[in-house]
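Here is the structure we will look at, set down as structure tokens.
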Amino acid sequence: MSSILGLIENAKFDPILTFTLIITVTILFNLNKISEFLDSHRNKRSLKLKNAISDDISDELREHLKQEVDVEHFRLIYGVEVSPKMLEHIFELKRMIYPRVGFRHILRIAKLGQNSIEVKEKKILKVKMSILDRISAIYNLLAGASVLVVGVWLFLVADQYTLLSLALTLILIGFGIVLLIQSSILLSVYYANSALKKHGNVNSPKLGEDCNS
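Using full-length UniProt numbering, the first residue of the sequence shown is number 1, and each one after it goes up by one.
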């Protein structure tokens, strides 16, 4: 505790840094309220869809609204926005590879979009990444590892800490971890295609390969 108080007493506060910290802390304290507002808006839309289904409408429109309700519930529960067709692909993919592949990997694949799942004759053949998604994931992997290593190295080699240097070090470490998590889609695609191979659908993929070939 004394070392922390020493850091605060010896810190030289920069106006811009102080303002940034105030804004950041304010956002963090109000994240729950922001989340509640967004959830309230989405719940209202879901309720409107449910009420519309109970109205005297055509069978075609009722079926369409039921699909929209499923999509809304999926987004509210898992935080992933998908199309009705993509939702069908996700459940079919889950049927084929779960529990060999965890559902969190399937959710990451859902974020890639409908074109990430190749289907032929109502049968899922493989999961693929676009060139842009693959480049982005590889960049996040390399950048995340580099930033994390730099942050840990600064933390270990520093002779003494100031409040600013300690904050910068922790930010670097946290940012590196976030980037590495973003790159985990490479593993998710690899695991999914490996499981599909065991299901008898695809050739053995290489890590990070989009399986277009």
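Yeah, the Cβ is synthetic: ideal placement off N, Cα and C, and Gly gets one too.
Please read all numbers here as calculations on a predicted model, not as lab measurements.
For L112, the secondary structure class from DSSP, reduced to helix, strand or coil, is coil. With a beta-carbon spacing of about 6 Å, L172 and V150 fall inside the 8 Å limit used to define contacts.
Each residue's CA atom was taken as its position, placing V119 and K128 some 11 Å apart. Here K126 is not near L65, since their CB atoms are 8 Å or more apart. Going by C-alpha positions, V82 is about 27 Å away from D56. G144 is positioned such that its CB atom lies no closer than 8 Å to that of L112.
Counted as a single uninterrupted DSSP element, the alpha helix (DSSP H) harbouring K94 occupies residues P84 to I97. Only residues of its own chain outside the window of five on either side were considered, and among them I109, V127, K128 and M129 have a CB closer than 7 Å to the CB of S116, listed in chain order.
For the set E121, L164, R134 and I177, the Cα lying nearest the Cα of V147 is the one of I177. Boundaries around I185 are those of the alpha helix (DSSP H), I185 to K198, since no beta strand (DSSP E) includes it. Of F91, K122, V80 and I106, the smallest CA-CA separation from Y190 is found for I106.
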